[in-house]
Amino acid sequence: MKRRPIIKSVETKYYEQRDALFQGLQNLDRRSFMKVSMAAMTAALAKGVEFHYHNFLPVNVVNAAPKPSLGGNTGAAGEAQGQDFTFAYISDSHIYERELNGRFVRQLLRAVDDINSLDPQPDFVLYGGDIAQLGAPEELKLGAEILKSVKAPVKMMVGEHDWFLDLGERWMDLFGAPNYSFDHKGVHIVVLQSVHEEDFWTERGMTPEERMLTVAGLDNGIQSRFKVGAPQRAWLQKDLEKYSADTPIIVFSHSPLYHYYKPWNFWTEDAPEVQTLLHHFDSVAVIHGHTHQMLTNRIGNIHFHGMASTAWPWPYAPEGLPALTVQMNRADPFNASDGLGDGTVHVSPDGLVDKLYNLWNRNPVQVTSRYVNSNGRDAIPQQPNLKSY
Amino acid sequence: MEAQKAIAAKLLPGRDVTQPPAPVDAELWETVVVPADNRMTRERVALGKKLYFEKRLSKDGTVACATCHDVSRGFTDQRKTSEGIGGALGQRNSPTSMNAFLMETQFLDGRVPSLEEQAKLPIVNPMPNEQAAITAIKRDADYKDMFEAAYGSKPNYEDLARAIAAFERTLVFLDAPFDRFLAGHENAISAEAKQGWELFNGKARCMSCHEINPSNPLGIDNHFHNIGVSARTQNFENLAGRALDMLSEGGGMQTIDRLALETKFSELGRFLVSGDHSDIGAFKTSQIRNIGLTAPYMHDGSMKTLWDVMDHYNGGGETNPFLDGGIVPLELSESEIDAVVAFMFTLTDRRFADQNQTIMREQKQLAARKRPFRNTAMAEGKILPFEPEVMGTAQNLGQNPEE
Chain A
5 MKRRPIIKSV ETKYYEQRDA LFQGLQNLDR RSFMKVSMAA MTAALAKGVE
55 FHYHNFLPVN VVNAAPKPSL GGNTGAAGEA QGQDFTFAYI SDSHIYEREL
105 NGRFVRQLLR AVDDINSLDP QPDFVLYGGD IAQLGAPEEL KLGAEILKSV
155 KAPVKMMVGE HDWFLDLGER WMDLFGAPNY SFDHKGVHIV VLQSVHEEDF
205 WTERGMTPEE RMLTVAGLDN GIQSRFKVGA PQRAWLQKDL EKYSADTPII
255 VFSHSPLYHY YKPWNFWTED APEVQTLLHH FDSVAVIHGH THQMLTNRIG
305 NIHFHGMAST AWPWPYAPEG LPALTVQMNR ADPFNASDGL GDGTVHVSPD
355 GLVDKLYNLW NRNPVQVTSR YVNSNGRDAI PQQPNLKSY
Chain B
23 MEAQKAIAAK LLPGRDVTQP PAPVDAELWE TVVVPADNRM TRERVALGKK
73 LYFEKRLSKD GTVACATCHD VSRGFTDQRK TSEGIGGALG QRNSPTSMNA
123 FLMETQFLDG RVPSLEEQAK LPIVNPMPNE QAAITAIKRD ADYKDMFEAA
173 YGSKPNYEDL ARAIAAFERT LVFLDAPFDR FLAGHENAIS AEAKQGWELF
223 NGKARCMSCH EINPSNPLGI DNHFHNIGVS ARTQNFENLA GRALDMLSEG
273 GGMQTIDRLA LETKFSELGR FLVSGDHSDI GAFKTSQIRN IGLTAPYMHD
323 GSMKTLWDVM DHYNGGGETN PFLDGGIVPL ELSESEIDAV VAFMFTLTDR
373 RFADQNQTIM REQKQLAARK RPFRNTAMAE GKILPFEPEV MGTAQNLGQN
423 PEE
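Chain order of the listed sequences is A and B.
Read left to right, the first sequence gives residues 5 to 393 (the working numbering).
Read left to right, the second sequence gives residues 23 to 425 (the working numbering).
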């Protein structure tokens with residue numbers, strides 16, 4: 005009688021893995037263990053613990069070596085130099101009034117709940133633009149109302165869906181100026197309005213609603229490409245003059261500050277000019293919304309990171325995808341949350357960032373500065389854990 | 023056990039077990055269902071059947087497979103969670119062993135891939151080791167002969183598990199009124215159940231996970247989903263944190279083992295097996311065959327009636343950070359809920375028609391008195407999932423502008 009060979013069954017492997025987990029746990033403190041939640045992963049990232057998400061064993065401190073402190077005159081932010089910090093982000097919620105469509109509101113609420121349960125809390129939350137779908141006052145008001153519940157301070161950025169019904173009038177009432185800058189723990193942070201357009205509406209006699217609907221589409225042959233615009237670039241240049249080259253800079257912009265895919269307007273026309281203003285800084289990170297994708301790019305010294313949306317995932321463009329991008333594969337059409345999420349960004353004292361995508365239906369994906377700095381050779385992020393649908 | 027054996031004899035009349043059972047595709051049976059090293063023979067099934075009812079396999083001689091997978095109770099124990107030796111309550115609701123042969127994985131967290139592997143675990147668990155179970159039966163002359171006839175060997179643990187699995191492959195209960203309806207008998211199910219079937223495939227979204235058709239008769243996707251049942255009573259972060267606290271107190275392996283058996287720790291579900299973040303609190307989609315017989319429902323048996331189950335889904339599950347994104351509020355009306363439930367009661371094998379009727383009546387009465395999971399405001403979108411957590415108590419978000 006042929007006997008079944010003694011193989012390592014799923015059960016055995018399970019027990020082995022479980023044992024390894026518990027062994028591993030004993031080497032960690034309580035806070036690090038909490039990596040089962042996004043909160044914990046953020047906390048642990050701050051400590052330089054790297055995770056292997058697929059078997060949930062903490063892989064030992066790989067990037068824990070303290071970064072050399074930065075010397076030199078750091079201008080206005082000098083006092084606080086050397087601290088690291090974390091901020092969270094929520095982006096591209098595209099809410100309608102709830103009577104019309106509750107789904108996007110629910111997903112924004114979910115993101116707020118995620119961020120509110122982070123422990124420790126982030127220093128601030130960056131809202132990456134497009135809180136409204138069609139810029140309606142009710143949508144913007146509803147968005148503001150929900151964001152009031154965020155425990156950490158909220159920094160707002162504007163997106164084209166917020167802007168083109170009334171050219172930002174209502175948004176600015178609620179949230180203030182669309183471009184501003186501030187210093188935080190040694191890092192100079194700039195928020196831009198990068199969705200300016202050439203006037204295509206006046207000559208055509210379009211109503212504000214028609215203008216908004218035109219811009220809201222993924223592609224159309226009418227609108228121009230987004231711009232930061234000359235006046236704002238002049239403002240930025242002046243703003244940056246105060247800072248020495250070794251001051252870490254983080255720029256928030258709704259559209260990606262590089263040329264990605266023109267037909268879909270994942271494109272900022274004057275991005276090269278803006279990059280020129282940033283090139284002489286040692287360390288620059290640009291965090292953008294708009295593309296609803298995990299997206300990573302590097303141009304010279306500038307690291308670019310696209311945020312996840314809470315509303316829907318866009319497919320990747322057919323060409324021009326930055327080589328460093330870790331792709332989300334096609335989302336599950338039966339799962340309204342797939343391909344969506346929020347996240348956190350850990351900022352090192354040198355201004356470089358490790359970004360954690362908290363995907364609601366999948367394992368988190370971490371894109372570190374080490375990965376970007378090495379042009380994709382080191383610290384390669386885990387692929388998303390689901391097969392493409 | 024004697025009573026159960028009598029019922030089993032009636033339910034499973036003499037049939038040539040070496041042949042595929044009528045409703046199962048022969049090709050599938052030969053190539054996928056029956057493993058090459060455990061072909062179906064009459065001797066193996068007979069041995070497995072005897073072992074299924076064998077209490078001596080348990081540490082104190084009180085518990086058999088048939089204790090938790092009771093033939094008279096739809097092959098479950100119809101308890102919230104199962105009772106083991108010494109009256110100790112387990113952590114999870116025991117799933118039915120009916121039709122279990124068609125599932126890709128076994129256990130609610132899918133931690134083993136086959137019935138053979140499944141059969142071993144509940145025995146190892148309370149027993150000091152597998153040898154103890156074999157010792158308990160090996161001097162029995164009957165068993166000696168039966169093992170010899172079935173596998174040509176002395177009683178041993180591997181063959182014991184194989185025999186139980188072979189018997190379980192005879193637990194085929196796929197002849198329900200619904201099957202007759204699918205086969206073209208329009209009147210096999212009521213008009214209400216037909217409406218329920220449409221809702222099942224449409225508005226109620228059941229088929230997203232419970233797709234059921236002739237080639238997938240169990241109505242399962244063989245995947246794992248967090249629908250929030252555990253989140254109702256605890257949050258996962260605390261659970262994980264507490265496990266760590268207990269470990270930090272020392273005690274090594276013993277503590278580790280106690281922790282793994284600790285009730286609430288098991289609520290992490292599939293995550294303990296896969297380690298995938300997205301599997302936290304996720305459990306295997308249960309078969310909906312014979313669902314009328316297998317109350318209470320969910321991995322922890324926390325729902326008494328199918329109306330409770332519908333209420334749970336109608337409200338969009340239980341909100342938690344790991345909730346499956348396919349779970350959304352459904353806006354089903356009361357009559358629509360009734361219709362889906364009526365449909366589900368047509369999935370019970372005809373051999374249990376009487377029992378099915380009785381249970382349906384009892385559940386209906388219970389549901390008329392108490393619907394603990396009903397949340398109409400959530401189901402209709404008047405409150406949104408995550409809204410109470412985020413905005414405090416339910417507010418009319420954006421519905422009542424002050425200006």
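The C-beta atom is built at its ideal place from N, Cα and C for all residues, glycine as well.
Assigned with DSSP and collapsed to three states, B/THR380 falls in helix. The continuous stretches of beta strand (DSSP E) do not include A/GLY324, and DSSP gives it neither H nor E. For a Cβ distance threshold of 8 Å, residue set HIS299 of chain B lies close to A/PRO368, ordered along the chain.
Scanning its chain for C-beta atoms nearer than 8 Å, with the 5 sequence neighbours on each side dropped, one finds around A/GLU323 the residues TYR265, in chain order.
Residues of chain A with a Cβ closer than 8 Å to the Cβ of B/PHE408 are, in chain order, ARG110, LEU113, ARG114, VAL116, ASP117. Not a single C-beta of chain B is nearer than 8 Å to the C-beta of A/ASN333.
Nearest to A/HIS350 by alpha-carbon distance, out of A/PHE186, A/VAL191, A/PHE179, is A/VAL191.
One thing to note: A/VAL195 has its Cβ within 8 Å of the Cβ of A/LYS159. Taking a cut-off of 8 Å for Cβ pairs, the region 90-99 of chain B and the region 59-73 of chain B do not touch, as fewer than three such pairs fall below it. In this structure, B/PHE97 is the residue among B/ALA141, B/VAL134, B/ALA110, B/PHE97 with its C-alpha nearest to the C-alpha of B/ASN121.
Here A/VAL219 carries a helix assignment [DSSP, helix/strand/coil]. Per DSSP, reduced to three states, the secondary structure at B/SER175 is coil, with no helix or strand assignment. A/HIS307 is the residue among A/SER352, A/VAL369, A/HIS307, A/LEU360 whose C-alpha sits nearest the C-alpha of A/SER378. Counting of Cβ neighbours within 10 angstroms places B/PHE246 among the buried residues, the total reaching 16 or more. Around B/SER212, the same chain offers ALA364 as residues with beta carbons nearer than 7 Å, after the five sequence neighbours per side are excluded. The beta carbon of A/ALA156 lies closer than 6 Å to those of GLN125, PRO126, PHE128, VAL129 in the same chain, with the five residues before and after it left out. Within chain A, the residues LEU113, VAL116, ASP117, ASN120, ILE150, SER153 have their CB atoms less than 8 Å from the CB of B/VAL412, given in chain order. Annotation: B/LEU111 to B/SER104 spans about 6 Å, alpha carbon to alpha carbon. In the three-state reduction of the DSSP assignment, A/HIS350 falls in the strand class, which pools E and B. An exposed status is given to B/GLU52, since fewer than 16 other beta-carbon atoms sit within 10 Å of its beta-carbon.
Cα atoms of B/GLU214 and B/GLN379: separation of roughly 15 Å, rounded to the nearest angstrom. B/ARG114 is classed as buried because its beta carbon has at least 16 other beta carbons within 10 Å across all chains shown. For A/LEU363, the enclosing beta strand (DSSP E) has its first and last residue at 357-363. Within chain A, no C-beta atom comes nearer than 9 Å to that of B/ASP167; the closest sits roughly 16 Å away.
Close CB contacts of B/LEU34 within its chain, under the 8 Å cut and outside five residues either way in sequence, are with THR192, LEU193 (chain order).
By the criterion of a C-beta distance shorter than 6 Å, B/THR341 is surrounded in its chain by PRO407, PHE408, once the five residues flanking it on both sides are discounted. With a 10 Å radius around the Cβ and a threshold of 16 neighbouring Cβ atoms, B/LYS32 comes out exposed.
Within 7 Å of the CB of A/ASP250, no CB atom of chain B is found; the nearest one sits about 37 Å away.
With a threshold of 8 Å between beta carbons, B/GLY403 makes contact with chain A. Burial is judged here by how many other beta carbons sit within 10 angstroms of a residue's own beta carbon; B/THR118 has at least 16 and is buried. Bounds of the beta strand (DSSP E) holding A/TYR93 are 89-94.
Three or more beta-carbon pairs drawn from the region 286-294 of chain A and the region 339-357 of chain A are found closer than 8 Å, and the two stretches are therefore classed as touching. Judged by DSSP in its simplified three-state form, B/GLN387 adopts helix. Taking 7 Å as the upper bound on Cβ-Cβ separation, chain B lies near residues TRP364, ASN365, ARG366, ASN367, PRO368 of the region 358-383 of chain A.
B/ASP92 has B/THR98 as its beta-bridge partners, per DSSP.
CA-CA distance, A/LEU240 to A/ALA275, rounds to 13 Å.
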